[in-house]
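Below is one structure; the comments refer to it alone.
2 protein chains.
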Amino acid sequence: MSVTAPLGFRAAGIAAGIKSGGSRDLALVVNDGPSRAAAGVFTANRVKAAPVLWSQQVLSGGRVRAVVLNSGGANACTGPEGFQDTHATAERVAGVLGDSAGEVAVCSTGLIGERLPMDALLPGVDQAASQLSRDGGLAAADAIRTTDTVSKISFKRADGYMVGGMAKGAGMLAPALATMLCVITTDADLTSGQLDAVLRRATSRTFDRLDADGCMSTNDTVLLLASGASGVVPDLAEFEQKVTEVCADLARQLLVDAEGATKAVAIEVVGAATEEDALLVGRAVARSNLLKCAVHGEDPNWGRVLSAVGTTSAAFEPDRVNVAINGIWICRGGAVGDDRSKVDMRPRDVTITIDLSAGAQSATIHTTDLTAAYVHENSAYSS
Amino acid sequence: MSVTAPLGFRAAGIAAGIKSGGSRDLALVVNDGPSRAAAGVFTANRVKAAPVLWSQQVLSGGRVRAVVLNSGGANACTGPEGFQDTHATAERVAGVLGDSAGEVAVCSTGLIGERLPMDALLPGVDQAASQLSRDGGLAAADAIRTTDTVSKISFKRADGYMVGGMAKGAGMLAPALATMLCVITTDADLTSGQLDAVLRRATSRTFDRLDADGCMSTNDTVLLLASGASGVVPDLAEFEQKVTEVCADLARQLLVDAEGATKAVAIEVVGAATEEDALLVGRAVARSNLLKCAVHGEDPNWGRVLSAVGTTSAAFEPDRVNVAINGIWICRGGAVGDDRSKVDMRPRDVTITIDLSAGAQSATIHTTDLTAAYVHENSAYSS
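Protein sequences appear in the order of chains A and B. Quick note on the numbering used here: the first sequence kicks off at 1 and runs consecutively. Quick note on the numbering used here: the second sequence kicks off at 1001 and runs consecutively.
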């Protein structure tokens, strides 16, 4: 169902010939209203792709009629010409819809530093527009894949309205945001200000807590579009919960499909003095290549957890830290705890719990193991 | 020649039975004076191994008679008992030398979270003491290896005196410091204050600029011992240069022997507003797993360089950054530059030059590629 689950949205996903090989590479999502309220969050990377710079301007107006997304090229580090390519794409969409380019968001994903083949992309926009339909959400989700092995879609039903979404992302998964494109839709009726507040809170607790490889992308974009077509003005708390659930569901799908990963690892930090401390520790541990290798080898190497914790400025005393792996407290008081042979790391899901014994706050960061397959995929990606 | 190249030092390296397999695992370095002036720098990790806590106390006195080093166990995260083991080791050395334990530094390396086999280690101290000799430097360097495939030694001759050194380290190579133990000796005559100033400057420009895998150890220790046996009071600038050369030589040996690495990568940041900015950018790029995979695949993927630069707070404008790989400026003004097919990445040494166009400062960080062999070695390390 994806982005077309809520009323008021049509979508399409087609093969424009941007990717060699003939698979789908262009998606179009259109909001038929009556409302066009929208919000977006974007990569914190200071090197931003042209479509990010463009879409930030569009979203500053709080209204989105359509989103056009392409795989097969990130249009990042492409100079003024790359920005003109994004602008021309938005104009083409506006042309076929008879609308303003100022309300057309653009997203791109793929290799950095190469111009998009506009001679394929622009006719692709026309073709996608001709195929827009109420059941085009799956094709759209398929068209934005790069190294993703599966499409990522989600939807949740609420009290008289729906929230749907699609996402892509398999590498460069790091906070603020993961390397990802995501479009979330709803037929509830909300203002762009309400959507913005909800989206920021929902992404900060989901996508922002995903860190597969510590690499921050130039193209990350999450958009939330409301058509108002259900006529329902939702309870804001319920709406935020539904959006957060869709984000969490999509984030989980990204993690499971992360390049080369064989484990989904939750780094659960408890007993922190502040939530910021918990996040700091969780991210530091999630970025330890040595630990990620150990998880791959199903080795409950808590020493690598502690050495990562020790690199942070979080409040803790080394001799009061406890660490559990899959529920077995193998480190107590900063030293050897329960018998490590009791730890079963064979399941795909691995939970590493770090108790800082410094307060009552907590947070969880989600990561993956580091594998030879990740190395292989990323050594050969551009060839 | 190693640590026994300068006059006044004896060393030994023996198999005490700490490691299974019978290879050397205990080293002893003794300063016979007449001076015992010494300085040390230690890991910035807040989770410090027992021997680091002990040796920091010893070095606060500015005098070292002997250093005892073991491989086969880090004695980190071992609680009060682990600290007692370190203390007992220093006392045993002091006993056989007829000296004070307060002037015996201790270094350990190996797995975190396991007690040392003191029933093997303490008799090993006696055996090592009985084998101390003026040509024991090579055996000592051999005894401190863990996953190191070769011993790392260096020495430089100066005006009437010498500087020698040994080091170990192959994984957990990250700034402040690399996971490493290093003992540097000289027969020049200097105060502990002079040694401390020289050692801090030398390590900050050598070992601190090595970042193989971003993982900071609990045990890093670099010691500088001066016997004064040459009778020469050195020119301080010349002495600092010689110590820096020995550190740089050892750092280079660590990098080349880093776990699984097939490339030695210099991240050279130029045109920075400040040296701190240059270091910040260099470290961010050196920690990009995606870039390190690309280097392994001999793919001149400058987009991954820019996306790493963009995560920092350094002063730069994205559209003014230039990137060269092995001398070919494939990114100019934040966009496509010279033809990437001109880049030859086949040599073991790869230089990535990043021109921030923001000032006149520069710095270089040294790292390695990320390989399936690294993953393999670190998945299986403790088994």
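Here a beta-carbon is modelled for each residue, glycine too, at the ideal position from N, C-alpha and C.
Own chain residues within Cβ distance below 7 Å of residue i, not counting five before or after
{"i": "residue 1003 of chain B", "result": "1009, 1011, 1029, 1137, 1140, 1164, 1165, 1166, 1183, 1185"}
{"i": "residue 1382 of chain B", "result": "Unreliable positioning characterises residue 1382 of chain B in this predicted model, as indicated by a pLDDT of 44, which lies under 50. The coordinate reading is nonetheless provided below. For residue 1382 of chain B, where only same-chain residues beyond five positions count, the Cβ hits under 7 Å are 1111."}
{"i": "residue 135 of chain A", "result": "4"}
{"i": "residue 1205 of chain B", "result": "1244"}
{"i": "residue 1346 of chain B", "result": "1298"}
{"i": "residue 373 of chain A", "result": "260"}
Run of the beta strand (DSSP E) containing residue i, from where it starts to where it stops
{"i": "residue 1168 of chain B", "result": "1162 to 1168"}
{"i": "residue 1247 of chain B", "result": "Run containing residue 1247 of chain B: none in the beta strand (DSSP E); it sits in the alpha helix (DSSP H), 1236 to 1256."}
{"i": "residue 226 of chain A", "result": "221 to 226"}
{"i": "residue 1104 of chain B", "result": "1104 to 1108"}
{"i": "residue 1183 of chain B", "result": "1181 to 1186"}
Terminal residues of the alpha helix (DSSP H) in which residue i lies
{"i": "residue 292 of chain A", "result": "289 to 296"}
{"i": "residue 126 of chain A", "result": "118 to 130"}
{"i": "residue 1326 of chain B", "result": "No alpha helix (DSSP H) holds residue 1326 of chain B; DSSP gives it neither H nor E."}
{"i": "residue 1196 of chain B", "result": "1192 to 1204"}
{"i": "residue 349 of chain A", "result": "Here residue 349 of chain A belongs to no alpha helix (DSSP H); instead the beta strand (DSSP E) covers 349 to 355."}
{"i": "residue 1098 of chain B", "result": "Here residue 1098 of chain B belongs to no alpha helix (DSSP H), and DSSP marks it neither H nor E."}
{"i": "residue 1304 of chain B", "result": "1302 to 1309"}
{"i": "residue 1315 of chain B", "result": "Run containing residue 1315 of chain B: none; DSSP gives neither H nor E here."}
{"i": "residue 1375 of chain B", "result": "1372 to 1379"}
Under 8 Å between C-beta atoms of residue i and residue j
{"i": "residue 121 of chain A", "j": "residue 18 of chain A", "result": "yes"}
{"i": "residue 367 of chain A", "j": "residue 265 of chain A", "result": "yes"}
{"i": "residue 78 of chain A", "j": "residue 115 of chain A", "result": "yes"}
{"i": "residue 344 of chain A", "j": "residue 333 of chain A", "result": "no"}
{"i": "residue 385 of chain A", "j": "residue 365 of chain A", "result": "Shown here, chain A extends from 1 to 383; a query on residue 385 of chain A therefore has no answer."}
{"i": "residue 1270 of chain B", "j": "residue 1362 of chain B", "result": "yes"}
{"i": "residue 39 of chain A", "j": "residue 195 of chain A", "result": "yes"}
{"i": "residue 168 of chain A", "j": "residue 221 of chain A", "result": "no"}
{"i": "residue 54 of chain A", "j": "residue 106 of chain A", "result": "yes"}
{"i": "residue 310 of chain A", "j": "residue 1045 of chain B", "result": "yes"}
{"i": "residue 1272 of chain B", "j": "residue 1308 of chain B", "result": "no"}
{"i": "residue 1251 of chain B", "j": "residue 1210 of chain B", "result": "yes"}
{"i": "residue 7 of chain A", "j": "residue 341 of chain A", "result": "no"}
{"i": "residue 26 of chain A", "j": "residue 129 of chain A", "result": "no"}
{"i": "residue 1082 of chain B", "j": "residue 1050 of chain B", "result": "yes"}
{"i": "residue 1378 of chain B", "j": "residue 290 of chain A", "result": "yes"}
{"i": "residue 76 of chain A", "j": "residue 118 of chain A", "result": "no"}
{"i": "residue 240 of chain A", "j": "residue 159 of chain A", "result": "no"}
Bridge partner(s) assigned by DSSP for residue i
{"i": "residue 1361 of chain B", "result": "B/1272"}
{"i": "residue 1013 of chain B", "result": "B/1027"}
{"i": "residue 157 of chain A", "result": "A/162"}
{"i": "residue 1366 of chain B", "result": "B/1210, B/1266"}
{"i": "residue 335 of chain A", "result": "A/332"}
{"i": "residue 1133 of chain B", "result": "B/1011"}
{"i": "residue 1152 of chain B", "result": "B/1167"}
{"i": "residue 322 of chain A", "result": "A/355"}
Other residues of its chain near residue i: CB distance less than 6 Å, five sequence neighbours each side excluded
{"i": "residue 1191 of chain B", "result": "1037"}
{"i": "residue 1249 of chain B", "result": "1154"}
{"i": "residue 228 of chain A", "result": "34, 35, 189"}
{"i": "residue 1103 of chain B", "result": "1063, 1064, 1065"}
{"i": "residue 156 of chain A", "result": "163, 242, 245, 246"}
{"i": "residue 1032 of chain B", "result": "1008"}
{"i": "residue 59 of chain A", "result": "40"}
{"i": "residue 274 of chain A", "result": "361"}
Cβ neighbours of residue i in the same chain (closer than 8 Å, five flanking residues each side left out)
{"i": "residue 1243 of chain B", "result": "1163, 1184, 1186, 1198, 1199, 1202, 1224"}
{"i": "residue 150 of chain A", "result": "253, 257"}
{"i": "residue 1123 of chain B", "result": "1016"}
{"i": "residue 321 of chain A", "result": "306, 309, 331, 333, 334, 354, 355, 356, 357"}
{"i": "residue 1371 of chain B", "result": "1260, 1261, 1262, 1296"}
{"i": "residue 1218 of chain B", "result": "1043, 1045, 1047, 1048, 1049, 1052, 1074, 1076, 1077, 1112"}
*Could I get the ranges of all uninterrupted beta strand (DSSP E) runs contained in the region 26 to 61 of chain A, with 3 residues as the minimum, in chain order?*
26 to 31, 38 to 42
*Could you name each continuous beta strand (DSSP E) segment of 3 residues or more that falls completely within the region 63 to 94 of chain A, going from the start of the chain to the end?*
66 to 70
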